[in-house]
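Protein chains: 2
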Amino acid sequence: MAKDSSAAKAPGKREEERRRAILRAAIEVFSRKGYQGCRIADVAKEAGVAYGLVYHYFQNKDELLESVFEAGWSWFLARVIEAAGKGNTFDERVESVVGVAFESYRRDPKAVKVLILEVGRSPSGGAVNRGKAFAHVIQLASQLFEEAQRNGELKPDHDPKLCAAMFFGAIEMGLTGFVMGFIDRREDTLLAAQRQVTETFLRGVSPGTQRTLEAAWTSPKSSSKPKLAKRA
Amino acid sequence: MAKDSSAAKAPGKREEERRRAILRAAIEVFSRKGYQGCRIADVAKEAGVAYGLVYHYFQNKDELLESVFEAGWSWFLARVIEAAGKGNTFDERVESVVGVAFESYRRDPKAVKVLILEVGRSPSGGAVNRGKAFAHVIQLASQLFEEAQRNGELKPDHDPKLCAAMFFGAIEMGLTGFVMGFIDRREDTLLAAQRQVTETFLRGVSPGTQRTLEAAWTSPKSSSKPKLAKRA
DNA sequence: GCTCGAGTTGATTCCAGAATCAACCGAGCC
DNA sequence: GGCTCGGTTGATTCTGGAATCAACTCGAGC
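Read top to bottom, the protein sequences are chains E and V. Take the first sequence: its letter number 105 is residue 105 in my numbering, and every next letter is one higher. Each number in my numbering corresponds to the 1-based position in the second sequence with 1000 added.
Here's what the structure looks like:
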């Protein structure tokens, strides 16, 4: 309580590294086994650390997993904020947000996988609410879109919130294609995907052209009777 | 083994109903608590049935959960296939696929929630591979897009697989907006969303207009250094 | 009415794996 | 050298909840 402060060599840097190692290991195991399959023992082994030490650094399993998510997400969020403020035009901003997402995936696919697999899953009771984190980006992006709308860079009759949702949806699924291995992860395919996502979205959303598609809108076709549960 | 066949009154219809009830209860609990929070005891209680009975109808927890997913997904898949074959033009088909998705949500939001929260979030090890199921729709949609491409209804330089991924991504996230409560679930908002998703996607993907956006493509901006794990 | 067996029950068993904790370092300090 | 004290260890304990199973219910057939 009155030791480091100045001298010595490591003002707690060592512990910091340990913590990192554990987090990193958690990401690894997590991305392999998923939330429920992620055992503390595995994390400890992966990190090359004793079982008990995990509990020295983290209150419990939930806090650990939460930290994994938190760390990844807050980092991503920061990047998105930065990117969204960078370009001058709407197009540029959208472009750089997409860039951030793909770049993240390039650098650390495992971490992105964890985020992708876990975002959206919010067992309302358990752990922290990922929904909240998620809501945050959507909120953020909405602002971007609202502004664009004011500047006439976005169709005025679109709901910004929904635009935001679709935007990240397109990005997420695009990446999911890679995460799941539908598309092999090569620099050229990645680049093409990044480009395609940006282009498609911008084209889809800009007030430029309207390809008349006015069919029987107002009361969509809809199909027949849905309902779940069938089989036996 | 030699009883029903013809006479009597119920050739096992009773059991069928029980099974249904349990499945239905599972969907309920599942959508409330998520995969890992879904306890057999809860399902049994929800179904108004004894704990043990669940095991009479299902081998084990995994099989139950798998059935939940399977039932929902196969139903959805069938609808999509049907919808994709319905319209004559590409636009109409896309429109009706979107319609199927939204209609499903209207009818059974709980079930859709389960699918949305669970599709793609597959702990590669655990349970069945949702990835496979997921791959299936993507595959399916790809065909639709490939055909459209041959007919010049879709930009020729786009990857159909990626288009498919983006397509479902946009739909999924659009619905997620409702599932998570960002947008309140009213008929008008739903309708508007459905419309917007369709329109945006079609506009984004059709060869009609190209809003030049050629910036420094080929080497995307990218931001700075990524990497996960920070905080302390 | 009695028998048989499928459907049904819930207390009991069993175990994976989370969380605990007492003992064990090893580096500074007297 | 002895002492302190935080980081570190892993065997031990504890627990939630999955899976089992012996007993009960009830309708159909004799």
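In this text, a Cβ means the ideal position worked out from N, Cα and C, and glycines have one as well.
Have a look at residue i and residue j and give me their C-alpha separation to the nearest angstrom.
i	j	result
V/Ile1027	E/Glu153	42 Å
E/Asp91	E/Asp108	26 Å
E/Arg195	E/Ser96	11 Å
V/Ala1084	V/Ile1183	28 Å
E/Val80	E/Ser206	21 Å
V/Gln1149	E/Ala192	17 Å
V/Arg1024	E/Glu118	25 Å
V/His1136	V/Ala1078	11 Å
E/Tyr35	E/Lys110	14 Å
E/Asp42	E/Leu53	13 Å
E/Ser104	V/Ala1044	43 Å
E/Lys100	E/Ala141	Per the sequence presented here, residue 100 of chain E reads as Val, with Lys not at that position. Roughly 14 Å separates the two Cα atoms.
V/Phe1037	V/Glu1187	The residue asked about is misnamed: residue 1037 of chain V is Gly in this sequence, not Phe. Each residue's alpha carbon lies about 31 Å from the other.
V/Lys1132	V/Glu1172	17 Å
V/Ile1022	V/Thr1089	41 Å
E/Lys113	V/Met1180	21 Å
E/Glu66	E/Tyr55	14 Å
E/Phe178	E/Arg185	6 Å
E/Glu146	E/Lys161	9 Å
V/Gly1169	E/Gly87	25 Å
V/Phe1201	E/Leu202	10 Å
V/Glu1015	V/Lys1061	19 Å
E/Tyr57	E/Arg19	6 Å
V/Val1049	V/Trp1073	25 Å
V/Gln1059	V/Val1068	13 Å
V/Val1029	E/Leu175	30 Å
E/Arg106	E/Glu63	27 Å
V/Thr1189	E/Glu17	49 Å
V/Pro1156	V/Cys1163	11 Å
E/Leu144	V/Val1098	26 Å
V/Ser1031	E/Gly204	32 Å
V/Met975	V/Val1197	One cannot answer for residue 975 of chain V here, as it falls past the ends of chain V, which runs 1001 to 1232.
E/Arg93	E/Glu70	24 Å
V/Glu1046	V/Leu1115	20 Å
V/Asn1151	E/Lys33	43 Å
E/Arg39	E/Asp159	42 Å
For residue i, go through chain V and note every residue whose CB falls closer than 8 Å to its CB, in chain order.
i	result
E/Gly177	Ile1138, Lys1161, Leu1162, Ala1165
E/Phe182	Ala1135, Ile1138, Lys1161, Ala1165
Is residue i near the ligand ADP, in the sense that its beta carbon is under 6 Å from a heavy atom of that ligand?
i	result
E/Glu70	The ligand content of the structure shown is nil, which means the ligand ADP is not present either.
Answer yes or no: does any C-beta atom of chain E fall closer than 7 Å to that of residue i?
i	result
V/Ala1193	yes
V/Glu1172	yes
V/Ile1022	no
V/Gly1169	yes
V/Arg1018	no
V/Val1029	no
V/Gly1125	Legend: pLDDT at V/Gly1125 = 42, less than 50; position of this residue unreliable, value from coordinates given subsequently. Yes - at least one Cβ of chain E is within 7 Å of the one on V/Gly1125.
So residue i contacts chain E; which residues on that side make the cut at Cβ distance below 7 Å?
i	result
V/Tyr1035	Gln36
V/His1158	Gln196
Find the residues of chain E that neighbour residue i, judging by a C-beta separation of less than 9 Å, and give them in chain order.
i	result
V/Val1205	Thr200, Arg203, Gly204
So that I know if they touch, is there some Cβ in chain V lying closer than 7 Å to that of residue i?
i	result
E/Ile81	no
E/Gly52	no
E/Ile40	no
Name the chain E residues that come within less than 8 Å of residue i, Cβ to Cβ?
i	result
V/Phe1145	In chain order: nothing, as chain E lies at least about 12 Å away.
Q. What alpha helix (DSSP H) runs, 4 residues minimum, are completely inside the segment 109 to 180 of chain E?
A. 109 to 118, 130 to 150, 160 to 179
Q | Continuous alpha helix (DSSP H) assignments of at least 4 residues falling wholly in the segment 1008 to 1079 of chain V | A | 1013 to 1037, 1040 to 1047, 1051 to 1057
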